[in-house]
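Student:
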Amino acid sequence: MSNWSEKIPLYHQIIDKALFKALSLLLGFYNTAMVMWDPNSYADRVGGFNAVIAPLMIWAICASMIFGIGFKPRYWLWQIIFSPYISMTILGYLTVIQFIN
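My numbering applies: residue 591 is where the sequence shown begins, and numbers increase by one.
#1: Could you work out which residue in Gly637, Pro629, Asn630, Ile670 is closest to Trp649 when comparing CA atoms only?
#2: Given that a residue counts as buried once 16 or more other Cβ atoms are within 10 Å of its Cβ, and exposed if not, what is Phe661?
#3: Nearest by alpha-carbon distance to Val642: which of Thr622, Ile680, Leu609 is it?
#4: With distance defined between alpha-carbon atoms, name the residue in Trp594, Ile656, Pro663 nearest to Ala612.
#5: Which two residues bound the contiguous alpha helix (DSSP H) that contains Lys611?
#6: Any idea what DSSP makes of Met642, helix, strand or coil?
#7: Would Arg635 pass as a contact of Ile687 if the rule is Cβ separation under 8 Å?
#8: Of all the beta strand (DSSP E) runs that stay within the bounds of the stretch 641 to 672, which reach a length of 3 or more residues?
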């Protein structure tokens, strides 16, 4: 299993750049600010807080902060759970859907 801990960072090397880290932080801070500023309006624009959207949003914000500050988990499972690919996709979707609605 330790072999996984060496393989997963190779997939993250592609996105492990300062620009993507800054984008990750900005997406996380933006969505956090929108939730804190007016939660009802934010919920209306993203389709409501339900059992799927709310936990995914909270997880994606946490994962984006972890990636954005440069923290790199050692254990392979945490590397997958806090993957920037997944978190930035979710936050990107939530950000775009706000402007569409």
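For every residue, glycine included, the Cβ atom is placed at its ideal position computed from N, Cα and C.
From a predicted model like this one, the values you see are computed outputs, not experimental measurements.
Tutor: By the coordinates alone:
#1: It is Ile670.
#2: Phe661 is exposed by the Cβ-count criterion.
#3: Taking only the C-alpha atoms, the option nearest Val642 is Ile680.
#4: The shortest Cα separation from Ala612 among Trp594, Ile656, Pro663 belongs to Ile656.
#5: Segment 608 to 627, the alpha helix (DSSP H) holding Lys611.
#6: According to the sequence provided, residue 642 is Val. The question's Met does not apply to it. Three-state result, Val642: coil.
#7: In contact: Arg635 and Ile687 (Cβ atoms closer than 8 Å).
#8: For the beta strand (DSSP E) assignment, the stretch 641 to 672 encloses no uninterrupted run of at least 3 residues.
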